[in-house]
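Colleague:
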Amino acid sequence: MRITQATLEHLDLLTPLFVKYREFYGSLAYPDSSRAFLEKRLRRKESVIYLALPDDDDNKLLGFCQLYPSFSSLSLKRVWILNDIYVAEDARRQLVADNLMRTAKKMAKETQAVRMRVSTSSDNEIAQKTYESIGFRADTEFKNYVLPISEEL
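Using our numbering, the first residue of the sequence shown is number 6, and each one after it goes up by one.
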């Protein structure tokens with residue numbers, strides 16, 4: 006398999022798997038909105054998306070990961086948030102996620118990031134084991150909170 010950074014030319018290949026990823030986490034498909042979302046991220050260079058492709062097929066996507074840049078005020082350095090990672094059902098158990106994360110880790114080092122962050126469902130033990138095998142550690146220093154922002158004022 007080979008890992009490549011996504012460009013606008015990959016949108017038609019990426020969108021269906023991105024939709025499956027959203028559905029996996031309980032979101033509605035919204036293929037047109039999903040494609041537009043990805044297009045904006047790529048056009049504005051607001052994220053980095055890596056694609057896992059078979060060595061011999063440019064038209065099949067094995068998996069993807071999407072990272073967003075952030076910063077740490079305490080370390081005065083860049084942080085990368087591994088926000089999305091998904092492997093096609095027929096490509097699981099082929100180390101696709103491992104290869105995607107190793108590429109992301111290499112990019113983080115090349116951009117002098119102080120760390121990468123990732124979150125997953127508390128019951129997704131397979132993902133947790135995969136993250137730990139790459140070197141991620143559970144955060145015991147900080148407790149994370151979420152503040153939902155609704156349209157109501």
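Cβ coordinates follow ideal geometry from the N, Cα and C atoms, glycine included. Given the structure is predicted, the values throughout are model-derived calculations rather than measurements.
If you compare alpha carbons, which of S124, S32, A132, F42 is closest to V151?
Modeller: For this step, residue 151 is matched to residue 146 along the sequence shown. Ranking the options by Cα distance to V151, first place goes to S124.
Colleague: Starting from P36, trace the beta strand (DSSP E) both ways and give me its first and last residue.
Modeller: Counted from its first residue, the sequence shown places residue 36 at position 31. It is not in any beta strand (DSSP E) - P36 instead sits in the alpha helix (DSSP H) that spans 36 to 48.
Colleague: In angstroms with no decimal places, state the Cα-to-Cα distance between F76 and M121.
Modeller: Position 71 of the sequence shown holds residue 76. Position 116 of the sequence shown holds residue 121. Using only the alpha carbons, I get a separation of about 10 Å.
Colleague: Start and end of the beta strand (DSSP E) containing R120?
Modeller: Taking the first residue of the sequence shown as position 1, residue 120 is located at position 115. 120 to 123 is the span of the beta strand (DSSP E), which, as asked, contains R120.
Colleague: Any idea which residues DSSP pairs I86 with across the strands?
Modeller: Here residue 86 refers to the residue found at position 81 when the sequence shown is read from its first residue. Looking at the DSSP assignment, I86 forms a beta bridge with Y73, R122.
Colleague: Using 10 angstroms around the beta-carbon of L81, count the other beta-carbons present and answer buried if the total reaches 16, otherwise exposed.
Modeller: The sequence position of residue 81 within the sequence shown is 76, counting from 1. L81 comes out exposed.
Colleague: Which term fits Y55, buried or exposed, when burial requires 16 or more other beta carbons within 10 angstroms of its beta carbon?
Modeller: Position 50 of the sequence shown, counted from the start, is the residue given in the question as residue 55. So Y55 ends up on the buried side.
Colleague: Looking at Y91 and K25, is the spacing between their C-beta atoms short of 8 Å?
Modeller: Here residue 25 refers to the residue found at position 20 of the sequence shown. Here residue 91 refers to the residue found at position 86 of the sequence shown. Yes.
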